[in-house]
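Here is the structure we will look at.
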Amino acid sequence: MNNVFNKTLLLLSVGLLPLFGFDIKVSGQASTFSKIGFDGRKYDPNKGIYPTESYATMMGELNLEMNLASGLDMVVGGMLNGIVYDSTIYQGDGPLGSNYIGYYAGHSGQTLQSPRFAMIHNAYIHYDYHGIFGFKAGRYETQGYDWFSAFNQGIEAYAQYDNFKVWALYSDARASAYNDWFWDYGRYYTSGAPLFAGGVAYAKDGLSITPYIYYIPRNMNAPGFNITYDTSPHFSHEGFRSKTTIVALFPMYEGTNPTSRDTIVFGELLGKNAQTLFIRQDFYINDYRFGAILYKNFGNANGKIGIYGDPITYNVWTGSVYDSGPSLSNMIGKDALSGFLYVGSEIFGINWQVLGRLTSSPRADEQSLALYLDYTFNKHIDAGIKIEYLRDVTHKGYHIGNGPILSSNNISDRSHAMVHITYSF
Numbered sequence: 017m018n019n020v021f022n023k024t025l026l027l028l029s030v031g032l033l034p035l036f037g038f039d040i041k042v043s044g045q046a047s048t049f050s051k052i053g054f055d056g057r058k059y060d061p062n063k064g065i066y067p068t069e070s071y072a073t074m075m076g077e078l079n080l081e082m083n084l085a086s087g088l089d090m091v092v093g094g095m096l097n098g099i100v101y102d103s104t105i106y107q108g109d110g111p112l113g114s115n116y117i118g119y120y121a122g123h124s125g126q127t128l129q130s131p132r133f134a135m136i137h138n139a140y141i142h143y144d145y146h147g148i149f150g151f152k153a154g155r156y157e158t159q160g161y162d163w164f165s166a167f168n169q170g171i172e173a174y175a176q177y178d179n180f181k182v183w184a185l186y187s188d189a190r191a192s193a194y195n196d197w198f199w200d201y202g203r204y205y206t207s208g209a210p211l212f213a214g215g216v217a218y219a220k221d222g223l224s225i226t227p228y229i230y231y232i233p234r235n236m237n238a239p240g241f242n243i244t245y246d247t248s249p250h251f252s253h254e255g256f257r258s259k260t261t262i263v264a265l266f267p268m269y270e271g272t273n274p275t276s277r278d279t280i281v282f283g284e285l286l287g288k289n290a291q292t293l294f295i296r297q298d299f300y301i302n303d304y305r306f307g308a309i310l311y312k313n314f315g316n317a318n319g320k321i322g323i324y325g326d327p328i329t330y331n332v333w334t335g336s337v338y339d340s341g342p343s344l345s346n347m348i349g350k351d352a353l354s355g356f357l358y359v360g361s362e363i364f365g366i367n368w369q370v371l372g373r374l375t376s377s378p379r380a381d382e383q384s385l386a387l388y389l390d391y392t393f394n395k396h397i398d399a400g401i402k403i404e405y406l407r408d409v410t411h412k413g414y415h416i417g418n419g420p421i422l423s424s425n426n427i428s429d430r431s432h433a434m435v436h437i438t439y440s441f
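Whatever position you read off the sequence shown (first residue = 1), add 16 for the numbering used here.
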């Protein structure tokens, strides 16, 4: 189904649209990404050795953007991504790089198939009527959702009147189309079902209140809300700004029984319901920013949807491919509590940030300290690096990946560096 869809859209955009005289804007990028795990030992679960992998990619993207009428646009784009280095080939139990690049389990997301290293990631029509009404349909990258991110195959729409905005999202499938993650469209983590979401947003004088609900048929109802107060919504790096964000989600799982396991986080018991609370406080003083985050799960709140677009905004895939997930951090595990502190600014054109994190959960504890550096050379080239110290202590009675149940606590070094260089046009 997806192959036919891809070929039809590509033929339509490249072969037919120019005949109608539409102006076409071409854009794209070439990018390379590397994760360098500092623990490069051989994988040996009998000795409690679960190393941190390294891998590198080369990615290319091309988009055709067409303006069809006032407020009406169409975009079609394709992407290629390939693995140029995979340490798991030498560390044992590999190659596992396709867990990041090329993973595909069919449209259902449930049946593992041969890796795919190319896809039509953009194929959508977008219409906006003066900020009053709009929709986007097809394949496109989502923005602004607390619990859904990356690329959607489906439709979203909104209508706005005065300070109120009503929005809705339907997702037939989801994809990751980036230099570090490349999964073609599928119903991953939703047990083969589509996903629906909708909400109402009220915004005035820096205060926004958004109740919403996420729904997976026969799997989950999850009402929640986002409350944000921003003292200076139009802040321009001068003076003081405070921004407070509170996000909560209350998943209720359908059709579960006492032995049901989640589809996402370490295979833990799912339960009937759970709750998650996220509180973020950001401060800005001229070019400096600093703040704190508190993130708490009550029960297994991430078991069905919680990694689709987690409001943490920081990468939660920082563990090991040899662990469950793969490479998920324990910060989104059952009953996990995490605290974050950060500070950042820009100096000599380098955007820097230091982030510290402590996570405690029944399964494992984590301690992390990360340095982020980003630099834009010109309008075409940018680069970034993250260096992170990460200590993982998985507790007795749990297992790591496909390893045996631990008879004592296992301490693993998950420290790593991530580097990217991108050329855009």
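Here a beta-carbon is modelled for each residue, glycine too, at the ideal position from N, C-alpha and C.
Residues Gly315, Asn316 of the same chain have their beta carbon placed closer than 6 Å to that of Gly287, with the five preceding and five following residues left out of the count. Non-local beta-carbon contacts of Thr158 in its own chain, meaning distances under 8 Å to residues more than five positions away in sequence, involve Phe164, Ser165, Ala166, Phe167, Asn168, Glu172, Leu185, Gly325 in chain order. The region 113 to 123 makes contact with the region 196 to 208: 3 or more CB pairs, one atom from each, lie closer than 8 Å. Taken atom to atom, the span from the alpha-carbon of Leu211 to that of Ile363 is near 43 Å. A Cβ-Cβ distance of about 20 Å is found for the pair Pro249 and Gly215, leaving them out of contact under the 8 Å criterion. Between Arg190 and the set Ile232, Gln129, His123, the nearest pair of CA atoms involves His123.
The Cβ atoms of Ile416 and Asp351 lie no closer than 9 Å to each other. The beta carbon of Tyr71 is closer than 7 Å to those of Lys51, Ile99, Tyr101, Asp102, Ser103, Gly113, Tyr116 in its chain, skipping five residues each way along the sequence. Residue burial annotation: Ile366 is exposed, with fewer than 16 other C-beta atoms found within 10 angstroms of its C-beta.
Along the region 83 to 107, the alpha helix (DSSP H) occurs as fully enclosed runs of 4 or more residues at 104 to 107, listed in sequence order. Pairing Gly208 with Leu265, the inter-Cα distance amounts to about 22 Å. In the assembly as shown, Tyr414 is a buried residue. Its beta-carbon has 16 or more other beta-carbons within 10 Å. Between Ala213 and Ile232, the alpha-carbon positions lie close to 9 Å from each other. Rounded to the nearest whole angstrom, the CA to CA distance from His436 to Gly125 is 28 Å. The straight-line gap separating the alpha-carbon atoms of Ala399 and Thr272 is approximately 46 Å. For Tyr414, there is no enclosing beta strand (DSSP E), as DSSP gives it neither H nor E. Rounded to whole angstroms, the Cβ separation of Ile321 and Pro267 is 7 Å, and the two are in contact under 8 Å. C-alpha of Asn79 to C-alpha of Gly87: approximately 19 Å in a straight line. Taking the Cα of Ile295 as reference, the smallest distance to any Cα among Thr261, Tyr59, Thr334 is reached at Thr261. Around the C-beta of Gly147, fewer than 16 other C-beta atoms lie within 10 Å, and the residue is accordingly described as exposed. Per DSSP, the unbroken beta strand (DSSP E) holding Thr292 starts and ends at 291 to 301.
Considered as a whole, the region 122 to 205 harbours 134 to 145, 149 to 157, 167 to 177, 180 to 193, 198 to 202 as its complete beta strand (DSSP E) runs of no fewer than 3 residues, in chain order. In the three-state reduction of the DSSP assignment, Asn346 falls in the helix class, which pools H, G and I. Counting every other CB atom within 10 Å of its CB across the protein chains shown gives Tyr304 a total below 16, marking it as exposed. With 16 or more neighbouring CB atoms inside 10 Å of its own CB, Ala238 falls in the buried class. Pro227 carries a strand assignment under DSSP once its states are collapsed to helix, strand and coil. Scanning the region 217 to 289 from its first residue to its last, no whole alpha helix (DSSP H) run of 4-plus residues comes out. If one requires a minimum length of 4 residues, no alpha helix (DSSP H) run lies completely within the region 354 to 390. Distance check between Ser345 and each of Asn318, Ala139, Tyr391 places Asn318 closest, using alpha-carbon atoms only.
With fewer than 16 neighbouring CB atoms inside 10 Å of its own CB, Lys41 falls in the exposed class. Taking Tyr358 as the centre and dropping the five residues before and after it, the same chain places the C-beta of Phe306, Gly307, Gln369, Val370, Leu371 closer than 7 Å to its C-beta, in chain order.
Here Ile421 is exposed, its C-beta having fewer than 16 other C-beta atoms within 10 Å.
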